[in-house]
Structure formats: C-alpha cells, structure tokens
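Q: Numbering-wise, the sequence shown is residues 742 to 985 according to the numbering used here.
Pasting a structure below so you can have a look.
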Amino acid sequence: MLAPNVVVMIFSFNDPEGRYNYEWAEFSTAAWSDPCGVSGMCDSLTLSFKIAILATLFATVLGTLVAFALARYRFRARGVVNSLIFLPMAMPEIVMAASIAMLFLSMGMDAGFTTILIAHITFCVSFVVTAVKARVLGMDPSLEEAARDLYASPVQVFLRVTLPLAAPGIAAGAMLAFALSFDDFIITNFNAGPDTVTFPMYVWGAAQRGTPPQINVIGSAMLLAAVAIVVVGQIVGRRNRTKV
742 MLAPNVVVMI FSFNDPEGRY NYEWAEFSTA AWSDPCGVSG MCDSLTLSFK IAILATLFAT
802 VLGTLVAFAL ARYRFRARGV VNSLIFLPMA MPEIVMAASI AMLFLSMGMD AGFTTILIAH
862 ITFCVSFVVT AVKARVLGMD PSLEEAARDL YASPVQVFLR VTLPLAAPGI AAGAMLAFAL
922 SFDDFIITNF NAGPDTVTFP MYVWGAAQRG TPPQINVIGS AMLLAAVAIV VVGQIVGRRN
982 RTKV
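Below you can see the structure in the form of structure tokens.
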C-alpha cells in the first residue's frame, strides 16, 4: 500500500529529460530547492489549503453540534436526519457533484471559491458527524453527572468535562474533513470557476501536458507531514497513558 508513495518520493529527486517524470534520468535536488518553480502550482496549492481549512472549520463546528444532538437528544425527525447524514457518504461522488452544481446553477450563483467551499462543507459534515457521534456515544455520562453534583455550571461541565472527552473524536473528524476537502477532485471540478484551480485539478491538468517533479515534491512533503502528525499523536498518547 505504501509502495506508490515511496515511488513518488523517489521521483521527486529525479531530473527528467522530457516533460514527463515517468522514467528515471538523473538524481537532482532542484525540485526540492525550488518547489514553486512551476507556474501556477503554488497558487493552486494555496487555494486548496484555504478551501480545506475553511471547510474543516465550518464542517467541524456544524458536525459536532449535529453529532451531540443525535447522540444526546430524541426528537421526531431524528431518524430522517440520521439518514440524510449518511446519504453523502453512500451516494456516488459524481452524482453528488452534479446535483450540487445544478443547485448552484438554478440559484444563479457563479462557480468559484464560494461554490467550492459550500460543496466541500456539504460532504465533509457527514464524516465529522460520524466520527464525533461515535465518540459521544462511548462517553461515560456519570462523569458529567459527577461534575454537576459538585456544583459545576453547565458551561463548566461542557468546557472541563464534555469537550475534553469528545476532543479525540472532534480532532479525528476535523483531520478527516481536511484530508477529504484538500484531496477532492470530482466535486471541485463540477463547481469550480475558470479562476479557481485547486491542487488536484492542477495535477490532473499537468498529467496531460507534462508532470514536473515539483508535483512529487508537494506529495512527498504532505506525506511526511501526515506521518509526523501520526507519530507525534502516538507519542503524546503514550505519555498520557503512562502518566495515568
């Protein structure tokens, strides 16, 4: 499973003879020393980061509220809401992309940054709700009851007991939302304007006219960053368990 990632990292040090970085030619660190040397690539990368960060923030807040409502409260439309939450995850992505694009078109909205952001929030919320809801259902309610028995206010119970207990699920949902938003191509392509080219769209276009090694550099850097986050999380979790 990790072999393709290793190949991508190896070819980030390649100096291809032509436009395509598919065959090994010569070892070089030129791509790493100038990752923005290709026109438009870092602009698309910056746009992808902006959309992913904003989509993650909105989806995490909204998804966390929905997850608590579904896990803690009973209301008439609870079953319907549960079904609607899982619908984006079960629906083929191209169907969802076309549906959202048709909605924006019927509303008269111009395709661009706003339409991409709304589309990303739409499908990211479902994954956040799933992660947070699983965490909330596994929480021990007696801990919150004990805090209330010790005369803690509702705000204190939420900030000092509920939120720390739900934090791992919220963090997992946020990271999943960020990864899905940053990596998305189909929904983005349907709802993007001529001036909103995200990094996945840039890579798709580059694959047709030439693949510079800088693309491999960005992919390798993101892989190393993800691995570093996982390693740091494991170290912090192990230290916390040791303290306990």
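Backbone N, C-alpha and C fix where the C-beta goes; we use that ideal spot for every residue, glycine too.
Taking the CB atoms as reference points, tell me whether residue 941 and residue 929 lie closer together than 8 Å.
A: Yes, they are a contact pair.
Q: Would the beta-carbon of residue 902 fall within 8 Å of that of residue 888?
A: Yes.
Q: Can you name the residues that DSSP bridges to residue 952?
A: In DSSP, residue 952 forms a bridge with 761.
Q: Contact check, residue 753 vs residue 882 under 8 Å by CB: the rounded distance?
A: About 50 Å separates the two Cβ atoms, so there is no contact after all.
Q: Measure the Cβ-Cβ separation of residue 852 and residue 934 and say whether it is below 8 Å.
A: Cβ atoms of residue 852 and residue 934: closer than 8 Å.
Q: Quick check: what's the CA-CA separation for residue 943 versus residue 950?
A: Straight-line Cα distance between these residues: approximately 11 Å.
Q: Under 8 Å between the Cβ atoms of residue 959 and residue 786?
A: Taking 8 Å as the Cβ cut-off, residue 959 and residue 786 qualify as a contacting pair.
Q: Please state if the CB of residue 845 and the CB of residue 932 are separated by a distance shorter than 8 Å.
A: Yes; because the gap between Cβ atoms is below 8 Å, this pair is in contact.
Q: Pull up the distance between the alpha-carbon of residue 747 and that of residue 765, whole angstroms please.
A: Distance between the alpha carbons of residue 747 and residue 765: 14 Å.
Q: For residue 940, which three-state DSSP category applies?
A: Reduced to three states, the DSSP call for residue 940 is helix.
Q: Excluding the 5 residues preceding and the 5 following residue 769 in the sequence, name in chain order all residues of the same chain whose CB lies nearer than 6 Å to its CB.
A: So the list reads 756, once near-sequence residues are dropped.
Q: How about residue 868 and residue 918: do their beta carbons lie closer than 8 Å?
A: Yes. Within cutoff.
Q: Among residues of its own chain, excluding the 5 on either side of residue 904, which ones have a beta-carbon nearer than 6 Å to its beta-carbon?
A: Cβ neighbours of residue 904 beyond the five flanking positions: none.
Q: Just verifying my parser: in three-state terms, what is the DSSP assignment at residue 931?
A: Note: residue 931 maps to helix in three-state DSSP.
Q: Looking at the structure shown, is residue 816 part of a helix, part of a strand, or coil, going by DSSP?
A: In this structure, residue 816 counts as coil in the three-state DSSP scheme.
Q: Do you know how far the Cα of residue 767 is from the Cα of residue 831?
A: Those two C-alpha atoms are separated by around 45 Å.
Q: Identify whether residue 768 lies in helix, strand or coil by the three-state DSSP scheme.
A: It is a strand residue.
Q: Rounding to the nearest angstrom, what Cα-Cα distance links residue 897 and residue 976 in this structure?
A: Computed Cα separation, rounded: 29 Å.
Q: Using a Cβ-Cβ cut-off of 6 Å (strictly less than) and excluding sequence neighbours within five positions of residue 777, which residues of its own chain qualify?
A: Around residue 777: 783.
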